Amino acid sequence: MRGWTRIAAALSCALLSGCYGIQVSVHRPPKPPFKALARPQLYADDLDLPSLRRAAQASRTYLSRSQFSGESRTLAGDTYTPAQVARSVDYFVKLVEETPPSKLGPRLARECKGYAPREGGRFTAYYEPVLQASRVKTPRFRYPLYQLPDGLTLVKLARFFPGDDRQFHGRVRGGELLPYLTREEIDGRQMLAERGLELDWLDDPVSLFFLHIQGSGRLHLDDGNVLRVNYAASNGLPYTSVGRYLLDRKMITSGSSDSIQDFLRSNPTVRNDIMFQNRRYIFFREVNLGDNEGPIGSLGVPLIAGRYVAADQRYVPAGAVMYIKTDAPVVGVGGQLVGWNKIARFAFNHDSGAAIKGPGRADIYWGEGSGAGAAAGYMHNPGDMVVLMCGVDPKRQAKAESSSSEPFERVSWPEVARVLASSSGTGL
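Structure (structure tokens):
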């Protein structure tokens, strides 16, 4: 018995004080990725009020159609159903419509709950390219823009595993579901050629590659017409950043869009091998849009520059009101970076992207054309992001459950003031 007593004492010593050099790792559940903010003292907005109203109304319209579908989202232990997200946007629209601009910020601070990503925000931007194209293949226009092919199969995991809202594309061969063709197989080996899938033809493979990354474009045809094309589907394979690939190998010193494109155009012998690193491939469709309308986002609504963002909808509810603050690039003649401006504004989660993953990621739609493209190419900045829920009461999870399952936490007034109270904008 005395021997067992000594063994027990040794184990106790090792476990409790580490006296035998044994380190014990105690499992602690991960903190939720979002934190719930105390009500901020001020929301300021550096864009115009009409664009905010248009963006809010469009989000409201989308949510009124879709509020009875989709999964609930949990923010710092507060769970919101799609119907509650819809009511939140309704309430936000009501506040915007009935409140004088000078009093809107304080009223929102009183009547909305705010949730911020625990690790802060990370912002990029995207745009709608304007490119030359042809309806037919010519010696100049010989790079195809493909439409949705037959045999591309959409798999929704929720049909097999209720509650799992992931989905992906593949192809069925011999009764087996396989990954779809890669970029190298489609553009390199031309495995979709001469099947009548060519929507249009472009004159530059690098521009075509970046059209895939942006997901939409305006094509100026040789007959003077302008064709709008939009994302239809992907091949379902993971996205790989060729910018990161080039930076890791010290082939470029800047990860801006212009730097990447310049390198690819200047090095045609390795261009395809580099672009093929991104196995993900995008198929397009023609869309009928007005000249003043933005491209269609993943929610089926034309995007509004500066007001709509792509955020990870696993964390940020689709259509939800957001408040964003970051530094935005200022570009001069020729697309050169000349400085930075602080921006602070309301926005809405209306799009998605293969590279936009994580609770703090947001990709801001910047507009159309080369100017927007130049600015978007420089946008890789930290910032603050808040998801707003207005006029609705969430279902509160038990503390033990919420702390291990999602990404938000509560903070005090001083931190809220730091995050949201100051802005270079005109204010609402």
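FYI, in my numbering the residues of the sequence shown are 4 to 431. C-beta: ideal position from N, C-alpha, C; glycine also. Note that the coordinates shown come from a computational prediction; the quantities given were computed from them, not determined experimentally.
| query | result |
| --- | --- |
| Extent of the continuous alpha helix (DSSP H) run through Lys106 | 104–114 |
| With 16 other Cβ atoms within 10 Å as the buried cut-off, status of Leu211 | buried |
| Reduced DSSP secondary structure (H/G/I, E/B, other) of Lys345 | strand |
| For Asn344 and Asp49, the rounded distance between their alpha carbons | 11 Å |
| Complete runs of the alpha helix (DSSP H) confined to the segment 346–404 [at least 4 residues] | 373–381 |
| Inter-residue spacing [alpha-carbon to alpha-carbon] between Thr84 and Ala61 | 19 Å |
| Rounded straight-line distance, which links the Cα of Arg186 to that of Arg282 | 5 Å |
| Given His353 as reference, the closest of Gly300, Ala86, Arg399 once Cα atoms are compared | Gly300 |
| Beta bridge counterpart(s) of Phe286 as assigned by DSSP | Ala236 |
| Backbone secondary structure at Gly338 - three-state DSSP | helix |
| Contact test: Ala47 Cβ vs the ligand ATP heavy atom, cutoff 7 Å | The ligand content of the structure shown is nil, which means the ligand ATP is not present either. |
| Residue from Leu240, Thr102, Ala350 with nearest C-alpha to Glu114 | Thr102 |
| Three CB pairs or more closer than 8 Å across the segment 182–201 and the segment 125–136 | no |
| Strand pairing of Glu122, partner residues [DSSP] | Answer by DSSP bridge pairing: none, since Glu122 is not bridged. |
| Contact between the segment 320–331 and the segment 273–293 (3+ Cβ pairs under 8 Å) | no |
| Option nearest Arg198 by Cα separation, candidates Arg399, Pro152, Glu296 | Pro152 |
| Unbroken alpha helix (DSSP H) run spanning Ala58, endpoints | 52–69 |
| Gly94 in three-state terms, based on DSSP | Residue identity differs from the one stated: residue 94 is Tyr in this sequence, not Gly. Here Tyr94 sits in helix by DSSP. |
| Cβ contact (3+ pairs, closer than 8 Å) linking the segment 245–253 and the segment 150–164 | no |
| First and last residue of the uninterrupted alpha helix (DSSP H) at Pro208 | 208–217 |
| C-beta contact flag for Gln264 and Val209 at 8 Å | yes |
| C-alpha gap between Glu296 and Ser54, whole angstroms | 12 Å |
| Pick from Arg221, Glu131, His215, Gln316 that is closest to Arg76, judged by C-alpha positions | Gln316 |
| Asp276: first and last residue of the uninterrupted beta strand (DSSP E) it sits in | That residue, Asp276, is in no beta strand (DSSP E); its alpha helix (DSSP H) goes 271–278. |
| For Leu66, the nearest candidate out of Arg176, Phe286, Val88 (CA to CA) | Val88 |
| C-alpha gap between Leu1 and Phe171, whole angstroms | It is not possible to answer for residue 1, since the shown part of the chain is limited to 4 through 431. |
| Simplified DSSP state of Ser137, which is helix, strand or coil | strand |
| Distance between Ser373 and Ala136 (C-alpha atoms, nearest Å) | 16 Å |
| Close-in-space but distant-in-sequence residues of the same chain around Phe37 (CB under 8 Å, 5 per side omitted) | Leu78, Ala79, Tyr118, Ala119, Pro120, Arg121, Tyr318, Pro362, Val390, Glu409, Pro410, Phe411, Glu412 |
| DSSP state of Arg327 mapped onto helix, strand, coil | Per the sequence presented here, residue 327 reads as Ile, with Arg not at that position. Three-state DSSP puts Ile327 in a strand. |
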